[in-house]
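Visitor:
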Amino acid sequence: MTIGVLGFTDKRPILYPLVKLLEATGDVIVITDDRHFKRLIEDYSSLGHLGNIMICVTDATPDEVWEEIELEADDFDHVIFDLRDTIHEDIQLYIHVKGSDFEDGEEDLLECIDEYTEFKLMYDGKTDKAKDTINIPINLKIISSIEVLENKKILLPSPSNKVNMELAKLLAPHLDIKTKDALKILKRGWQA
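Quick note on the working numbering: the sequence shown kicks off at 21 and runs consecutively.
1. What residues in its chain sit with their C-beta under 7 Å from that of residue 125, if we drop five residues either side in the sequence?
2. If I'm right that residue 141 touches residue 24 with Cβ under 8 Å, what's the distance once you round it to whole angstroms?
3. Pop quiz: residue 73 and residue 50 are said to be a contact at Cβ under 8 Å. What is the actual Cβ separation, rounded to whole angstroms?
4. Smallest Cα separation from residue 275: which of 32, 47, 132?
5. When every heavy atom of the ligand NAP is checked, does at least one fall within less than 7 Å of the C-beta of residue 76?
6. Is the distance from the Cβ of residue 114 to the Cβ of residue 26 below 8 Å?
7. When the Cα of residue 137 is compared with those of 145, 161, 186, which residue comes out closest?
8. Return the CA-CA distance between residue 188 and residue 207, expressed in angstroms with no decimal places.
9. Given this structure, state the Cα-to-Cα distance separating residue 60 from residue 54, to the nearest angstrom.
10. Alpha carbon to alpha carbon, what distance is there between residue 169 and residue 96?
11. I need the DSSP call for residue 159, collapsed to helix, strand or coil.
12. Check whether the Cβ atoms of residue 145 and residue 29 lie closer than 8 Å to each other.
13. Quick check for students: name the residue ranges of the beta strand (DSSP E) that lie wholly in the stretch 82 to 155, counting only runs of 3 or more.
14. For residue 81, count neighbouring C-beta atoms within 10 Å of its own C-beta (all shown protein chains included) and say buried if the count is 16 or more, exposed if not.
15. Among 88, 180, 173, which one has its Cα closest to the Cα of residue 63?
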């Protein structure tokens, strides 16, 4: 499965649980330009592993990255592209992570995509009134769990029940598992 996670805000509150769920069902590669992901790699390099998760921190486009790392998408069960201003034709599922408001060009980019699921991270404490937007309150537990996760290099469960439930509902049909089983995966401790 190939997933594009779009947005200009810090997407880690959604990306880390997404990776946690996918890694339980196969080999995963995360392709991102977010330097925070280097904290998950033992020597803080741009390419490395965390369990069966390959992490590639690069500024290459989705088309360029495979040549750069000398691998192919078919080498993985799941590919996650962490995207800001790029879309790619091979993506099967788009998730948009919105911060306090849209950045320049963000709405234009979304108009190029037929279908996506939107998570609004409520850094500003305000809900998004759009009908299909999933509003996620951001609190100290979420922020501190990200810090601990990166420091210890383990995929801890998200402390947000809402993040866990919404990702389980969204991805379970694509992974051919039950929502309750996806939720169990998201809530369990790290399986090395």
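Where a beta carbon is used, it is the ideal one built from N, C-alpha and C, also for glycine.
Computed from a prediction, not measured in an experiment: that's the story for all the values here.
Guide: Let's see:
1. Taken in chain order, the residues that qualify are 105.
2. So it is not a contact: roughly 17 Å between Cβ atoms.
3. That belief holds up - the Cβ atoms of residue 73 and residue 50 are roughly 7 Å apart, short of 8 Å.
4. Absent from the structure is residue 275, since the part of the chain shown begins at 21 and ends at 212.
5. With respect to small molecules bound, the structure shown includes none, and the ligand NAP cannot be examined in it.
6. Yes; because the gap between Cβ atoms is below 8 Å, this pair is in contact.
7. Checked all of 145, 161, 186; the closest Cα to residue 137 is 186.
8. Take the alpha-carbon of residue 188 and the one of residue 207: they are about 10 Å apart.
9. One C-alpha to the other measures close to 12 Å.
10. A direct Cα-Cα distance of roughly 23 Å separates residue 96 from residue 169.
11. In the displayed model, residue 159 falls within coil according to three-state DSSP, outside both helix and strand.
12. No, these two residues do not count as a Cβ contact at 8 Å.
13. Annotation note: the stretch 82 to 155 contains the following uninterrupted beta strand (DSSP E) runs of length 3 or greater, listed N- to C-terminal: 98 to 103, 113 to 118, 137 to 142.
14. The residue is exposed, with fewer than 16 neighbouring Cβ atoms inside 10 Å.
15. Answer by Cα proximity: 173.
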